[in-house]
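Chemist: I'd like to ask some things about the structure below.
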Amino acid sequence: MVRKYSDLNKRFESIKFAEAIKNKTPQTITLSEITYLGKRNNALGVGTAFCPCCMGVRYHTCDITVPIRVLEYNCTTGDKYIAFDGTHRINRVKDSNSQTIQAYVFTESELENLVETPPLWKSPL
Ligand SMILES: [Zn+2]
Numbered sequence: 764m765v766r767k768y769s770d771l772n773k774r775f776e777s778i779k780f781a782e783a784i785k786n787k788t789p790q791t792i793t794l795s796e797i798t799y800l801g802k803r804n805n806a807l808g809v810g811t812a813f814c815p816c817c818m819g820v821r822y823h824t825c826d827i828t829v830p831i832r833v834l835e836y837n838c839t840t841g842d843k844y845i846a847f848d849g850t851h852r853i854n855r856v857k858d859s860n861s862q863t864i865q866a867y868v869f870t871e872s873e874l875e876n877l878v879e880t881p882p883l884w885k886s887p888l
């Protein structure tokens with residue numbers, strides 16, 4: 764099923780990742796397989812040294828040893844991961860000529876299990 768990045772992000776925004784990563788070991792993944800490094804990111808310059816969100820401050824000050832969070836996803840363009848966060852770290856690592864980055868890799872079903880679904884109705888009592 765093809766879905767937009769924004770839809771995925773919205774779907775999983777309630778997840779408490781600080782808890783979720785406790786049971787995870789970071790993996791080394793290839794930067795070029797992250798879909799966030801594609802047209803979306805490069806066109807806007809988000810997360811770069813000239814980032815419009817922070818004027819490049821976060822790019823220069825981010826801790827690149829903190830693993831990013833990605834969703835394992837078979838994109839039609841051949842990418843394998845969608846990044847949930849870490850655009851500044853991704854760009855810093857990329858600019859240091861590294862081909863890989865540390866990441867917590869989640870599957871879609873894993874994330875679905877972590878979503879806090881609100882109850883359908885609330886008891887008036
Ligand atoms: Zn920024």
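Position one of the sequence shown corresponds to residue 764 (our numbering), numbered consecutively onward.
Glycine residues also receive a C-beta, built at the ideal position from the N, C-alpha and C atoms.
(1) According to the neighbour-count rule (16 or more other Cβ atoms, all chains shown, within 10 Å of its Cβ), is T850 buried or exposed?
(2) If you measure between the beta carbons of V868 and I827, is that distance less than 8 Å?
(3) Express the C-alpha separation of A783 and F775 in angstroms, rounding to a whole number.
(4) With a Cβ-Cβ cutoff of 8 Å, do Y844 and E871 count as a contact?
(5) Go ahead and pull the three-state DSSP assignment for I778.
(6) Can the beta-carbon of L874 be found less than 8 Å from the beta-carbon of I778?
(7) Can you tell me which of the three DSSP states N876 falls into?
Modeler: By the coordinates alone:
(1) buried
(2) no
(3) 12 Å
(4) No, these two residues do not count as a Cβ contact at 8 Å.
(5) coil
(6) yes
(7) Here N876 sits in helix by DSSP.
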